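Q:
Residue numbers (the UniProt record's numbering): 1 to 317.
(1) According to DSSP, simplified to helix, strand and coil, what is residue 127?
(2) To test your reading of the DSSP string, which unbroken alpha helix (DSSP H) runs of 4 or more residues are found completely within the stretch 77-145?
(3) Report the rounded CA-to-CA distance for residue 152 versus residue 118, giving the unit in angstroms.
(4) When you compare only the Cα positions, how much space is there between residue 132 and residue 140?
(5) Between which two residues does the alpha helix (DSSP H) containing residue 168 stretch?
(6) Can you say whether residue 230 is buried or exposed, counting buried as having 16 or more other CB atoms within 10 angstroms of its CB?
(7) On the criterion of 16 or more Cβ atoms from any shown chain inside 10 Å, does residue 1 qualify as buried, or is it exposed?
(8) Suppose you measure from the CA of residue 180 to the CA of residue 157; what does that come to, to the nearest Å?
(9) Any idea if residue 68 is buried or exposed, counting beta-carbon neighbours within 10 angstroms, 16 or more meaning buried?
(10) Closer than 7 Å by C-beta to residue 64: which residues in its own chain qualify, once you throw out the five before and the five after it? Chain order, please.
(11) Determine the direct distance from the alpha carbon of residue 210 to that of residue 236, and round the result to whole angstroms.
(12) In the DSSP assignment, find the alpha helix (DSSP H) that holds residue 274 and state where it starts and stops.
(13) Which residues bound the alpha helix (DSSP H) around residue 208?
(14) On the CB-based measure, 16 or more other CB atoms within 10 Å of its CB, does residue 128 come out buried or exposed?
(15) For residue 44 and residue 84, which I take to be in contact (beta-carbon distance under 8 Å), what is that distance rounded to the nearest angstrom?
(16) So if DSSP puts residue 172 in a beta bridge, which residue, or which two residues, is it bridged to?
(17) Taking residue 22 as part of the alpha helix (DSSP H), name the residues at either end of that continuous run.
(18) Does the beta-carbon of residue 126 have 16 or more other beta-carbons within 10 angstroms, so that it is buried, or is it exposed?
(19) Got a sec? Which residues, its chain only, sit under 7 Å from residue 251 by beta carbon, not counting five neighbours each side?
(20) For residue 264, which residues of its own chain have a beta-carbon under 7 Å away from its beta-carbon, when the five flanking residues on both sides are left out?
(21) Can you tell me the Cα-Cα spacing of residue 247 and residue 31, whole angstroms?
(22) Would a C-beta distance cut-off of 9 Å place residue 79 and residue 97 closer than the cut-off?
(23) Alpha carbon to alpha carbon, how far is residue 172 from residue 92?
Laid out in structure tokens, this is it:
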């Protein structure tokens, strides 16, 4: 526990000493986070307005992916604002925030895997697609994703409550997941378990990609749909690699911190923007702008909204 708290104290002392770094980092974080947050919220709004999207499996999973990314971005930005404004919170208040952040972080790659499997069924099993990919099964998959992603946070919470001292549980702290796993062994085990899960999802995605590739080469298959499915899964694989890099970042940062705390803060901030934020921006690009149906709905919504604003402005003038 002492090592984790010491590293956090050193980081926050340096941030407090260097207000220029703090202000620049905070401003850059808001510039990166809020455009993606607005875009994802807009897509969720469009998803909720179209009944077609709420009944098709691929769009239900996409909507869940957007919701998970939105929660993650909002919680992460909330924690960043607290940290850079040097606001400490009671540990028992931070625990639910950390648990929810961890759950949505794990839900993202699981949802990616489910979306890849859905594309595999749609392209390689077109006659059975409507029987297999139903809205009811999609909701069951989402429920399973939340159950699986919540297991580790709840286990860590119970271990923390049962083993930590009263002084540790009553202290003021910054909200980061390491406060729930102060032991280095559990911290290493968490990262290893997460990487094993990502490798399993990657194997599923590669299998789906190969099967769709074979379907694209078949003369009787829908080559256009198969080719589009290949590109979609390629982007999902890219997103999964970003999630993997995000998991590896804390271990790289720990090595850098042993040599230079200034370099550690720079590397930590770059990793946060490059992997934690960017990986959440891929989902809107995969479906929001590449999917013809969803893009048409989004363009129609924005156009109608602009027309309403223009008509209200004309009335005022």
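Note that the Cβ used here is the ideal one computed from N, Cα and C, for glycine as well. Here the structure is a predicted model, which is why all the values come from computation and not from measurement.
A: By the coordinates alone:
(1) DSSP places residue 127 in the coil class of the three-state scheme, outside both helix and strand.
(2) Qualifying alpha helix (DSSP H) stretches, in chain order: 91-124, 129-132.
(3) Looking at the two C-alpha atoms, the distance is approximately 26 Å.
(4) Distance from the CA of residue 132 to the CA of residue 140, rounded to the nearest whole angstrom, comes to 12 Å.
(5) Counting along the chain, the unbroken alpha helix (DSSP H) around residue 168 starts and ends at 166-169.
(6) By the 10 Å Cβ count, residue 230 comes out buried.
(7) With a pLDDT of 41 at residue 1, under the threshold of 50, the modelled position of that residue is not reliable, and the figure given next carries that caveat. By the Cβ-count criterion, residue 1 is exposed, with fewer than 16 other Cβ atoms from all chains shown falling within 10 Å of its own Cβ.
(8) Using only the alpha carbons, I get a separation of about 7 Å.
(9) Classification for residue 68: buried.
(10) Within its own chain, the residues whose Cβ lies closer than 7 Å to the Cβ of residue 64, once the five positions on either side in sequence are excluded, are 111, 142, listed in chain order.
(11) Those two C-alpha atoms are separated by around 14 Å.
(12) From DSSP, residue 274 is part of no alpha helix (DSSP H); its letter is neither H nor E.
(13) DSSP places residue 208 in the uninterrupted alpha helix (DSSP H) bounded by 184-217.
(14) It counts as exposed.
(15) With a contact defined as Cβ atoms closer than 8 Å, residue 44 and residue 84 miss out at about 27 Å.
(16) DSSP output for residue 172 lists 90 as bridge partner(s).
(17) Start and end: 19-49.
(18) Burial call: exposed.
(19) Result list for residue 251: 191, in chain order.
(20) Only 253, 256, 257 meet the Cβ criterion.
(21) Distance between the alpha carbons of residue 247 and residue 31: 23 Å.
(22) Residue 97 sits close to residue 79, with the two beta carbons spaced by under 9 Å.
(23) In this structure, the CA atom of residue 172 is about 9 Å from the CA atom of residue 92.
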